[in-house]
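For any residue, its number in this note's numbering is found by taking its place in the first sequence, counting from 1, and adding 1434.
One structure below.
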Amino acid sequence: MQGKADSTVPQPTLPATGRGSRTDAHLPRYNPAELEPKWQAVWAEQPDLYAAQQPECGKPKYYVLEMLPYPSGQLHVGHVRNYAIGDALARHMWMRGYNVLHPMGWDAFGLPAENAALKNNTPPRDWTLANIAAMRRQMERLGLGYDWRREVTTCLPEYYRWNQWFFLKLYDKGLAYRKNSKVNWCPECATVLANEQVVNGCCWRHEETIVEQRELEQWFLRTTRYSDELLRDLEKLEGWPEKVRTMQRNWIGRSEGALVDFTVLLPVENIAARRDDGYPVKLNLTETMLPDEEAAPRISVFTTRIDTIYGATSLQLAPEHPLVTRFAAEDGELAKKVRDLLQEQKSAREMGELGNLEKNGFATGRFAANPFTGEPVPIWVANYVLMDYGTGAVMSVPAHDERDYEFARKYGLELKIVVLPRPVNDSDGQQKEPLLPYTEEDSLLINSGEYTGMGCSEAQQKMAAYAQEHGFGRASVTYRLKDWGISRQRYWGTPIPMIYCQTDGLVPVPEDQLPVLLPEKIEITQEGGSPLARVPDFARVTCPKCGRIARRETDTMDTFVDSSWYFYRYTDPRNSEAPFDSKTADYWFPIDQYIGGVEHAILHLIYSRFWTKMMRDLGLVQNGEPAERLFTQGMVIRNGAKMSKSKGNIVSPDEMIARYGADTTRMYALFAAPPDRDLDWQEDGVAGVSRFLSRVHRFAIQAIPLALEGRGERLPASFSALERRLIRKLHQTIGRLTDEFEGRWHFNTCIAGIMELVNELTGEESAILAGEVRPSVLYALTRNLILMLEAFAPYLAAELWLQLGEEDALLRAPWPPYDASLAAEDIVQIPVQVNGKLRAVISVPPASEQEHLQTMALQEPKVQAALEGKQLVKMILVPGKLVNFVAR
RNA sequence: GCCCGGAUGGCGAAAUCGGCAGACGCAGCGGACUUAAAAUCCGCAGACCUGAAAGGGUCAUGGGGGUUCAAGUCCCCCUCCGGGCACCA
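Below, the structure written as structure tokens:
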């Protein structure tokens, strides 16, 4: 693509500033509308400008990456902020002498392309590629320094064939599998969603659309194989925000506990002895009541509190539990109750009120034996038990669990206290009555047979061991994380490379037949089901094994597969033999700094961590985590609200660029707030940054001709007072920027610092232009000012750099070393307080001794007045900081 | 309910280690330039009280308590706002 300014991208039309009457009218004014497209064209002629070098270059590597965008066709200001942060960092690291990899690409598969196709009757591919071209123009117009030769577009066969290749490897390793299961279905997208893509019971893309549950055959990736490692390695990710780590921890949801089997007993009619309340009396199982082996031998429950099992007074099963289905098959009345309960759940979900659904349930009339006590407990069905967590069955301990307590109170189920706070007895010897439900674990057991008197955690271990010994349970760990369902019943995605053959069953597409190309000329309709299934040429294949007619898999992959490994492809983007060269990837990985929105804290960031671990186990990479450091920038809001079409508060980057230029737009995005916080976009503030850049320009073009006379000269050995002051400010600013780029990234204060420096310079403009600052000093001032601007306003910096007579790219110039002695103050202002109240300020050399501070401070009339008639109790003398007299 | 953030002038914010609260910018006010306006440049600017003025004083970082010579910053309690999770056994 040529760097010529494209007519579809608006160019600045209004000059941001006029001519200063104080300065000469003949001065060229700052006109980004002219200056920026000129440089854009120059840069387009230099494909190496932002190119990463080979590992052999000898420089330390630095991989800085912003999350790749979906090519919607339009950048929004949130993107601008994201890329301005990354670009500032990349430019800084170039100047610091690193071999920087700073690539960009397109997350180009996905549903919007199909929707657009329906609406405009354009093929998804054309729509997507046109959007990419438009957005790339916008990025170039912003002056973002990407290595475009490494551009990755996920919807192209040269990329997605490797998705298919990975899929075959995963299938081979048993990490990709097919199963029939209940899945999330978004009626709006007309496709299945992964658990991570369901937010509050709604689709992540359609926040108003309730996700339905459907039973479907689906492909899954075994993310749970890595549950434990994904959790453990979070501890190592110290360069990630704590917030993201916590969210992932909760999402993985590891719980330690135990599985315990309860034995199902014969129908209650066969039990002779019963108590008045209908409970069977304690039975000797071997003599009076045989376990009902045939009906359903055992109900396995998962519990984190096996220590409370002596207090279990019922079992609660999810309505979908297979045993419930079985009971219902024999009992029409029960079947109806189950249906009603499920119906109620369904409508609650549709109302979006699943969370506050009242606990509800009923007894099945059947019983099971508690393996520790032999006591029969009734088997219930309850709507608060989830089939897809643990075993879909829980032992109910109402005295020691909030939910069980609520349920038991509603239905009058028995409560049995088996845990007491320590100490068990009050001072008067009375046994303590805990407030129910009592759920503390730092407690002691009672009424628990041989375990009575034990602490909870000790009992947990002993009981799990006992259960294992006797074959009815074991210690166990359960995760909330589930396998990743990747099948999508959509067209615009990576075809899953599998074939269904009547003779041979599931047959993977042989590797040498990859890629399975996505057919391009297809009619997009709104019909249900996978669109590819309606393309006979695609769906009908011959079986690679037996050669007979077979059926191709017509679902496509979740687009999150594409983004799980795209950053590896950047390291070796044109490789046609492998997804990437391992050696090259090992050089660049892990990513040194990954930057993006927090909305991907779980989705993309957990999938890509999984993918990296999987690739490591395939021997493709060495690293176990994709990114060393992660930075999540704040949202861009306007008038306190998230930007949205419905609120009509969207800010268009094109409009900003048209009015003020790219440098101003970028710089404002960094100046208005620290990058991790939300930013309220205020156009008046943008105008302020524009004025600042005009001032820089006006000053520089006048100062540079004078400065050039001192080019190549060393700084003089001693400075005039004015020179000293300006050089000091310069080095203070260099120090500030150097620090901030080391990690805190408060670019707002960096820019404020540059503004202070420029204020200082323009404040002395007439003296400087009158030659009161020697050329070599002025040269140092202007040159370093330009170097500091580079990260924030690359167009203006490039222009001034040229004026300064430099031919080479500014990026290749070394970052100025910070000189603390030049930055040091000669005189500091020290506040003098009396009893913590400011009374005077004294000016002293920074290294003044305490005695000197004391003498100076006590000479101040206001200090003397404040001490008048008081007894001096204490003196706090902090050299360089303050003086405080404590007096009574 | 639980877990993270956050709250500082009219506004966006700064104060990196406990040491002059409000840097820098926006909006505002005054002045210069201009026939005038815009633009630009120079200056003022937390609130309240007091003073003709110079100045002086008091109060101020969501609220309440504490530690300290000294708290926006550390500790305890509370309120509000934003985000995440939410019957996970």
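Ideal Cβ placement from N, Cα and C applies to all residues, glycine included.
Check: Inter-residue spacing [alpha-carbon to alpha-carbon] between Thr1976 and Pro2109; Outcome: 55 Å
Check: Backbone secondary structure at Pro1591 - three-state DSSP; Outcome: helix
Check: Cα-Cα separation between Arg2392 and Ser1998, rounded to whole angstroms; Outcome: The requested residue 2392 does not occur in the structure, where the chain is confined to residues 1435 to 2322.
Check: Rounded C-alpha distance that separates Leu1461 from Ala2106; Outcome: 30 Å
Check: Spatial distance of Gly1544 from Gly1927 (CA atoms); Outcome: 6 Å
Check: Buried versus exposed, by CB contacts within 10 Å (16 or more), Asn1516; Outcome: buried
Check: Trp1918 beta carbon less than 8 Å from that of Tyr1744; Outcome: no
Check: C-beta contact flag for Ile2261 and Val2275 at 8 Å; Outcome: no
Check: Three-pair Cβ contact test at 8 Å for the stretch 1681-1695 versus the stretch 1731-1744; Outcome: yes
Check: Whole alpha helix (DSSP H) elements within the stretch 1481-1563, 4-residue minimum; Outcome: 1511-1529 and 1545-1554
Check: Touching by the beta-carbon criterion (3+ pairs, under 8 Å), the stretch 2238-2249 and the stretch 2207-2221; Outcome: yes
Check: Proximity winner among Ala2092, Arg2050 and Asp2112, relative to Met2077 (alpha-carbon distances); Outcome: Asp2112
Check: Length of the line joining the Cα atoms of Ala1729 and Ala1803; Outcome: At Ala1729 the pLDDT is 49, less than 50, meaning the model places this residue with poor confidence and gives no usable figure here.
Check: Complete beta strand (DSSP E) runs within the stretch 1833-1862 (minimum length 3 residues, chain order); Outcome: 1853-1855
Check: Coil, strand or helix - Glu2302 by DSSP; Outcome: coil
Check: Residue closest to Thr2018, alpha-carbon to alpha-carbon, out of Pro2150, Phe2001 and Val2032; Outcome: Phe2001
Check: For Trp1653, the residue or residues it bridges with in DSSP; Outcome: Arg1612
Check: Secondary structure of Tyr2041, DSSP reduced to three states; Outcome: helix
Check: Exposure of Ile2310, with buried meaning 16 or more beta-carbon neighbours within 10 Å; Outcome: exposed
Check: Cβ-Cβ distance between Gly1795 and Val1815 below 8 Å; Outcome: yes
Check: Tyr2213 and Ala2257 closer than 8 Å at C-beta; Outcome: no
Check: Three or more C-beta pairs below 8 Å linking the stretch 1972-1989 and the stretch 1563-1581; Outcome: no
Check: DSSP three-state assignment for Tyr1431, whether helix, strand or coil; Outcome: Look at the range of the chain in this structure, 1435 to 2322, and you will see that residue 1431 is not part of it.
Check: Cβ separation of Ser2210 and Gly2144, assumed to be a contact under 8 Å, to the nearest whole Å; Outcome: 3 Å
Check: Cβ separation of Pro2087 and His1510, assumed to be a contact under 8 Å, to the nearest whole Å; Outcome: 7 Å
Check: Length of the line joining the Cα atoms of Glu1669 and Asp1662; Outcome: 12 Å
Check: Inter-residue Cα distance where the pair is Pro1871 and Ile2036; Outcome: 34 Å
Check: C-alpha gap between Phe2133 and Glu2199, whole angstroms; Outcome: 7 Å
Check: Where Asn2193 falls: helix, strand or coil (DSSP); Outcome: helix
Check: 8 Å CB neighbourhood of Leu2215 in its chain, flanking five on each side removed; Outcome: Ala2137, Ala2141, Leu2160, Ile2161, Leu2164, Leu2195 and Val2207
Check: Distance between Arg1679 and Gly2239 (C-alpha atoms, nearest Å); Outcome: 49 Å
Check: Assumed close pair Leu1671, Ala1610 - CB separation to whole angstroms, cut-off 8 Å; Outcome: Not a contact, Cβ separation roughly 26 Å.
Check: Phe2319 (DSSP reduced to helix, strand or coil); Outcome: strand
Check: Nearest to Thr1873 (by Cα), restricted to the options Lys1896, Arg1837 and Gln1902; Outcome: Arg1837
Check: Whole-angstrom C-beta distance between Glu1641 and Arg1612, which should lie under 8 Å; Outcome: Not a contact, Cβ separation roughly 31 Å.
Check: C-beta atoms of Val1969 and Pro1953 nearer than 8 Å; Outcome: yes
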